[in-house]
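The structure appears below as structure tokens.
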Amino acid sequence: MTQSLADMRRDYTRDGLAEAQAPAEPFALFHQWFADAVKTEQPPVEANALTLATVDGEGRPHCRVLLLKGLDERGFTFFTNYDSAKGQQLLANPFAAMTFFWPALERQVRIEGRVEKVTAKESDDYFQVRPLGSRLGAWASPQSRVIAGREELEGLVKATEARFSDTQPHCPEHWGGYRLLPERIEFWQGRASRLHDRLNYRLVDGQWLRERLAP
Numbered sequence: 001m002t003q004s005l006a007d008m009r010r011d012y013t014r015d016g017l018a019e020a021q022a023p024a025e026p027f028a029l030f031h032q033w034f035a036d037a038v039k040t041e042q043p044p045v046e047a048n049a050l051t052l053a054t055v056d057g058e059g060r061p062h063c064r065v066l067l068l069k070g071l072d073e074r075g076f077t078f079f080t081n082y083d084s085a086k087g088q089q090l091l092a093n094p095f096a097a098m099t100f101f102w103p104a105l106e107r108q109v110r111i112e113g114r115v116e117k118v119t120a121k122e123s124d125d126y127f128q129v130r131p132l133g134s135r136l137g138a139w140a141s142p143q144s145r146v147i148a149g150r151e152e153l154e155g156l157v158k159a160t161e162a163r164f165s166d167t168q169p170h171c172p173e174h175w176g177g178y179r180l181l182p183e184r185i186e187f188w189q190g191r192a193s194r195l196h197d198r199l200n201y202r203l204v205d206g207q208w209l210r211e212r213l214a215p
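1 is the number of the first residue of the sequence shown in full-length UniProt numbering; add one for each residue after it.
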């Protein structure tokens, strides 16, 4: 390593976040920031990439990067194998946290709340617009289970291709969407000298309360 970790830093000077810029509810601000990210971030950064944190039945945290695939006034939607590790963790503890980080904009958004499954129709509607390889993979892969090697996975894919050689794969029962219903959304804008702007929205008795947090 040519540079000490203690010396790795950069100052954030691109923008600020004032209460005057922030609407009374957080979804409008998220839509604005997300649109900015889509326009500004360049590959390999994906604007809809997020870190999802879950907690298992023993209280141990787990996190991974995945993609946001739905957003409306109810919450934030992602799709996965229900039998996967994250699916089992959400079954044991149906709360999660998401973090979006957009480095070019020097922004991040943290979201916390309860998670619920979307309807079977919502899962199937999204499943049908996925590339064929991804749909076959959802059937073939025993996600999060130990396998002998890459050859085993490739064999499962070939068997799945043969199974659906004459028909389009439908959405399997073990695969579908989750929606995070936000109870807290924090918007973070990097500022100079680590004196960042943090606007926090909390859902209290059905209404959003906005407050500023110290950096």
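All C-beta atoms, glycine included, are put in the ideal place defined by N, C-alpha and C. As the structure is a prediction and not an experimental result, all values here were calculated from the model.
Endpoints, the alpha helix (DSSP H) within which TYR126 is located: On the sequence shown, position 126 is the one that residue 126 refers to. TYR126 -> alpha helix (DSSP H) spans 120–128.
At least three beta-carbon pairs within less than 8 Å, the stretch 137–147 to the stretch 30–39: no
N- and C-terminal bounds of the alpha helix (DSSP H) containing ASP36: Position 36 of the sequence shown, counted from the first residue, corresponds to residue 36. ASP36 -> alpha helix (DSSP H) spans 26–40.
Segments assigned beta strand (DSSP E), at least 3 residues, entirely inside the stretch 137–210: 175–189 and 197–204
Rounded separation between LEU68 and GLU116 - CA only: Stepping through the sequence shown from its first residue, residue 68 is reached at position 68. Stepping through the sequence shown from its first residue, residue 116 is reached at position 116. Cα to Cα, LEU68 sits roughly 15 Å from GLU116.
Rounded straight-line distance, which links the Cα of VAL65 to that of ARG191: Here residue 191 refers to the residue found at position 191 of the sequence shown. Here residue 65 refers to the residue found at position 65 of the sequence shown. Roughly 25 Å separates the two Cα atoms.
Any non-hydrogen atom of the ligand PLP closer than 6 Å to GLU116 Cβ: Among the components modelled here there is no ligand, and therefore nothing to report on the ligand PLP.
ALA96 - containing beta strand (DSSP E), residue span: Counted from its first residue, the sequence shown places residue 96 at position 96. From DSSP, the beta strand (DSSP E) with ALA96 extends over 95–102.
Distance, ALA92 Cα to LEU17 Cα: Here residue 17 is taken as the residue at index 17 of the sequence shown, counted from 1. Here residue 92 is taken as the residue at index 92 of the sequence shown, counted from 1. The straight-line gap from Cα to Cα measures roughly 37 Å.
DSSP state of ALA214 mapped onto helix, strand, coil: Within the sequence shown, the letter at position 214 stands for residue 214. In this structure, ALA214 counts as coil in the three-state DSSP scheme.
Outcome for residue 243 when other beta-carbon atoms lying within 10 angstroms are tallied against a minimum of 16: Residue numbering for the chain in the displayed model covers 1 to 215; residue 243 lies beyond these limits and cannot be assessed.
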